[in-house]
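Undergrad:
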Amino acid sequence: MASSTEVVVTYANIILYAISYQLQRPVEPFLVRSLIHNNQNNTSNTNEEESSNQTYGRLTSFFSFIQTIGSPLIGILLDRIGVRKTSILVYFASALSYWILANATSTTWLFWSKLPTILQHAFLVGQATVASSTAATSDNNNESGGSNGGDKQRAVALGRMTTAYTIGATIGPALGGYLAMGDLFAGARLAIWGSIISVILSIIFLKDRSSSERTEGNKTNSDAQKEHQQSFLQSIHKTLSYLRHPTIGPLLFIKLLNGVSSSAFTTILPLVLVNKLHLDTSQLGYFMSASSLSVAVFASFGISASMSLVGNRSDRLASLGLALRAVSIVCFGGVVSWCLLHLIAADDTSEEQQLVLPTEGLWLATIASIAVSISSHMHATSLTTLTTGAVSVEQRGAILGLEHGLFSLARVVGPPFGTHILSRPIIMSEFMPESGFAGIWGVISACVIMDVILLVCLHRWSSKKDTQLNSDECIGLTKAVDDKCDEHDHSD
């Protein structure tokens, strides 16, 4: 089990990691547009906006592709070399990525800066540590028939890990947006030092668990040695075998499609806010920080209450999160449409008022975005609770790595999918093309359709699981009755 010092240091590293990473979030759309503008001085505003949208989508997709390769490897490293060495690798790679970004002079260098992120999976390392720290209690609950209680404990623990991340994610965007008002690269330079501090903390305070500690439960030391001797390819093959697992496989498919929907929306969100509603770096930073803070508060106090509300059933909470997210995305589209109509009317009146966004519109858009973030967190945390609860303690690092890898794979598809529809909508493309109505509602419609499909898949999975549990209970009851009858016959 992870010591209290390791857990505290892990939380501190996650906060630093989140601040460093989130410093770049409100800056990247502006940075892409600035570098494209500096290298293509003769393009029109419309072509420049479309080019920046497409480049931003490809950059996000490339980053996700790199992370897709790295996620399963980090999961295997966690099980093979432990938390300490893996953490050092993760934070050193982060520092290298930010150093390249801080010295970028073209969009090509932005892509180069994403290469070291193949090892940038600090949240995965933190999740594995926290999951291990709650493993014994959860497994004891499972053995006594209280699997739902174990689910709740894991959900709360994972929620607290998310709280640590979102503390940093609340500070990072606001600080990054503020720093970018004077220098677009200031956040990247600050992130280098944040990552170096995490490397030092990992070296001093974290320790690699011994083979006996890593194999608590039913696994013997000889079994651990045999597993350690497996080749990396064998470990990867074993990890990928979870995709065919009758219980875990469908959940991983849901995670994959959920990632496509979520990443498509989160990619076009800052583009809409910057290019259509004309937010500056500081406003965009505060907007993102508000969403992160709300998720942190919900993860601290809302997850446990929500689990109790749905009878400690993670599958029900995941379904509730999907339904709320679909509604919230539609509400966000309505708010953005109202703001666009206001800006169009202001543009007809006076050219100087074109960039003035009504305060109430910004507040409503923030509230709708917060609702999307909270419902997405509710769904994602519930899915992780279900997948980690379906495997043994020593397999949780691998399953978390595979889960993160699939989500990264989804983000390879989602961002270019979202930016393509945003820039070149299929339906109603001639309706007020300068406003972007068709593209915005095209992405929203696609996300809602995917969420409905996910709801159906999750409902079928839950029904199948309930049927199997009821069948197992009947078999157990029948066996108990038969045993009782046998005892009675023997006594006669």
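Offset between the sequence shown (1-based) and my numbering: plus 95. Glycine included, each C-beta is placed from N, C-alpha and C at the ideal position. Treat the numbers as computed from the prediction; the structure is a model and nothing was measured.
Consult DSSP for F280 and reduce its assignment to one of helix, strand or coil.
TA: Mapped onto the sequence shown, residue 280 falls at position 185. In this structure, F280 counts as coil in the three-state DSSP scheme.
Undergrad: How many Å lie between L374 and G484 at the Cα?
TA: The residue given as residue 374 occupies position 279 in the sequence shown. The residue given as residue 484 occupies position 389 in the sequence shown. Using only the alpha carbons, I get a separation of about 42 Å.
Undergrad: Let me know the secondary structure DSSP gives S208 once reduced to three states.
TA: As a working mapping, residue 208 is identified with position 113 in the sequence shown. Coil at S208, not helix or strand.
Undergrad: Specify the secondary structure class of L118 as computed by DSSP and reduced to three states.
TA: Looking up residue 118 in the sequence shown gives position 23. Reduced to three states, the DSSP call for L118 is coil.
Undergrad: Just to confirm before moving on: does the CB-CB distance between A190 and T212 stay below 9 Å?
TA: As a first step, residue 190 is located in the sequence shown; it is residue number 95 there, counting from the start. As a first step, residue 212 is located in the sequence shown; it is residue number 117 there, counting from the start. Against a cut-off of 9 Å, the Cβ pair of T212 and A190 comes out as no contact.
Undergrad: Taking all protein chains shown into account, decide if P341 is buried (16 or more other Cβ within 10 angstroms of its Cβ) or exposed.
TA: Indexing the sequence shown from 1 puts residue 341 at position 246. Flag for P341 reads exposed.
Undergrad: Could you round the C-beta distance between G277 and I109 to whole angstroms and report it? I think they count as a contact, below 8 Å.
TA: As a first step, residue 277 must be located in the sequence shown, where it is residue number 182. As a first step, residue 109 must be located in the sequence shown, where it is residue number 14. No, G277 and I109 are not in contact; Cβ-Cβ is about 28 Å, not under 8 Å.
Undergrad: According to the Cβ coordinates, are P520 and V369 closer than 9 Å?
TA: Here residue 520 refers to the residue found at position 425 when the sequence shown is read from its first residue. Here residue 369 refers to the residue found at position 274 when the sequence shown is read from its first residue. No, Cβ-Cβ distance for P520 and V369 is not below 9 Å.
Undergrad: Using DSSP with H/G/I as helix, E/B as strand and the rest coil, what is N133?
TA: Your numbering for residue 133 matches position 38 in the sequence shown. Looking at N133 - three-state DSSP - the assignment turns out to be helix.
Undergrad: By the three-class DSSP mapping on this structure, what secondary structure does S201 have?
TA: Numbered from its first residue, the sequence shown carries residue 201 at position 106. In this structure, S201 counts as coil in the three-state DSSP scheme.
Undergrad: Is Q149 helix, strand or coil by DSSP?
TA: Position 54 of the sequence shown, counted from the start, is the residue given in the question as residue 149. Reduced to three states, the DSSP call for Q149 is helix.
Undergrad: So V367 is in the alpha helix (DSSP H); what residue range does that whole segment cover?
TA: Reading the sequence shown from its first residue, position 272 is the one you call residue 367. Bounds of any alpha helix (DSSP H) do not take in V367, whose DSSP letter is neither H nor E.
Undergrad: So with Cβ pairs under 9 Å, would you call L111 a contact of chain B?
TA: Within the model displayed, chain B is absent; a lone protein chain is all it includes.
Undergrad: Considering only the beta carbon of each residue, do K350 and E498 sit closer than 9 Å?
TA: The sequence position of residue 350 within the sequence shown is 255, counting from 1. The sequence position of residue 498 within the sequence shown is 403, counting from 1. Their beta carbons are under 9 Å apart, which means K350 touches E498 by this criterion.
Undergrad: Using CA coordinates, which residue listed in A281, L517, I494 and T150 is at the minimum distance from L346?
TA: To locate residue 346, count along the sequence shown from 1; it is residue 251. Measuring from the Cα of L346, the nearest candidate turns out to be I494.
Undergrad: Between the beta-carbon of G221 and the beta-carbon of M256, is there less than 9 Å?
TA: The count along the sequence shown starts at 1 and reaches residue 221 at position 126. The count along the sequence shown starts at 1 and reaches residue 256 at position 161. Yes, the Cβ-Cβ distance between G221 and M256 is below 9 Å.
Undergrad: Compute the distance between the beta-carbons of F218 and L154, then report whether it is under 9 Å.
TA: Sequence index remark: in the sequence shown, residue 218 carries index 123 (1-based). Sequence index remark: in the sequence shown, residue 154 carries index 59 (1-based). No.
Undergrad: Taking the alpha helix (DSSP H) that I465 belongs to, which residues open and close that run?
TA: Here residue 465 is taken as the residue at index 370 of the sequence shown, counted from 1. Element bounds for I465: T454 to G484.
Undergrad: Is the Cβ-Cβ distance between I131 and T105 less than 9 Å?
TA: Reading the sequence shown from its first residue, position 36 is the one you call residue 131. Reading the sequence shown from its first residue, position 10 is the one you call residue 105. Contact flag unset, no.
Undergrad: Apart from the five residues on each side of it in sequence, which residues of its chain come closer than 7 Å, Cβ to Cβ, to T163?
TA: Taking the sequence shown and counting its residues from 1, one reaches residue 163 at position 68. Answer for T163: G500, S503, L504 and V507, listed in chain order.
Undergrad: Are three or more beta carbon pairs between the region 511-518 and the region 399-406 nearer than 8 Å?
TA: In short, these stretches do not touch, since the Cβ pair count stays below three.
Undergrad: Hey, how far is the Cα of Q119 from the Cα of T562?
TA: What you label residue 119 is simply residue 24 of the sequence shown in a count that begins at 1. What you label residue 562 is simply residue 467 of the sequence shown in a count that begins at 1. Looking at the two C-alpha atoms, the distance is approximately 47 Å.
Undergrad: For L435 versus K371, is the C-beta distance shorter than 9 Å?
TA: Residue numbering aside, residue 435 sits at position 340 when the sequence shown is read from its first letter. Residue numbering aside, residue 371 sits at position 276 when the sequence shown is read from its first letter. A contact, by the Cβ cut-off of 9 Å.
Undergrad: How about S387 and L553: are their beta carbons less than 9 Å apart?
TA: Working through the sequence shown from its first residue, we reach residue 387 at position 292. Working through the sequence shown from its first residue, we reach residue 553 at position 458. Taking 9 Å as the Cβ cut-off, S387 and L553 do not qualify as a contacting pair.
Undergrad: Does T310 pass the burial test, meaning 16 or more other C-beta atoms within 10 Å, or should it be called exposed?
TA: Working through the sequence shown from its first residue, we reach residue 310 at position 215. Its pLDDT being 46, under 50, T310 is placed unreliably by the model, and nothing is read from it.
Undergrad: When burial is assigned at 16 or more other CB atoms within 10 Å of the CB, is S558 buried or exposed?
TA: Taking the first residue of the sequence shown as 1, we reach residue 558 at position 463. Exposed, by the Cβ-count rule.
Undergrad: Assign P121 to buried or exposed, taking buried as 16 or more other Cβ atoms, counted over all protein chains shown, within 10 Å of its Cβ.
TA: Taking the first residue of the sequence shown as 1, we reach residue 121 at position 26. The residue in question, P121, is buried, as its Cβ has 16 or more Cβ neighbours within 10 Å.
Undergrad: Just mark S468 as buried or exposed, buried being the case when its beta carbon has 16 or more other beta carbons within 10 Å.
TA: Here residue 468 corresponds to residue number 373 of the sequence shown, with the count starting at 1. S468 is buried by the Cβ-count criterion.
Undergrad: By a C-beta neighbour count over all protein chains shown, 10 Å radius and 16 as the cutoff for buried, is S356 buried or exposed?
TA: Position 261 of the sequence shown, counted from the start, is the residue given in the question as residue 356. Around the Cβ of S356, a 10 Å sphere holds 16 or more other Cβ atoms; the residue is buried.
Undergrad: Would you kindly work out how many angstroms separate the C-alpha atoms of S293 and L184, rounded to a whole number?
TA: On the sequence shown, residue 293 is found 198 positions in, with the first residue counted as 1. On the sequence shown, residue 184 is found 89 positions in, with the first residue counted as 1. When rounded, the distance between both Cα atoms is 11 Å.
Undergrad: Compute the beta-carbon to beta-carbon distance between T362 and P268, rounded to the nearest angstrom, for a pair I have assumed lies under 8 Å.
TA: For the purposes of this step, residue 362 is taken as the residue at position 267 of the sequence shown. For the purposes of this step, residue 268 is taken as the residue at position 173 of the sequence shown. No, T362 and P268 are not in contact; Cβ-Cβ is about 15 Å, not under 8 Å.
Undergrad: Let me check understanding here. Comparing Cα to Cα, which of W556, S464 and F360 lies closest to S540?
TA: Counting from one through the sequence shown, the residue named residue 540 turns up at place 445. Of the listed residues, the one whose Cα sits closest to S540 is F360.
Undergrad: Return helix, strand or coil for S99, following the three-state DSSP convention.
TA: Numbered from its first residue, the sequence shown carries residue 99 at position 4. S99: helix per DSSP, three-state reduction.
Undergrad: Classify G406: buried if its beta carbon has 16 or more other beta carbons within 10 angstroms, exposed otherwise.
TA: Taking the first residue of the sequence shown as position 1, residue 406 is located at position 311. Label assigned to G406: exposed.
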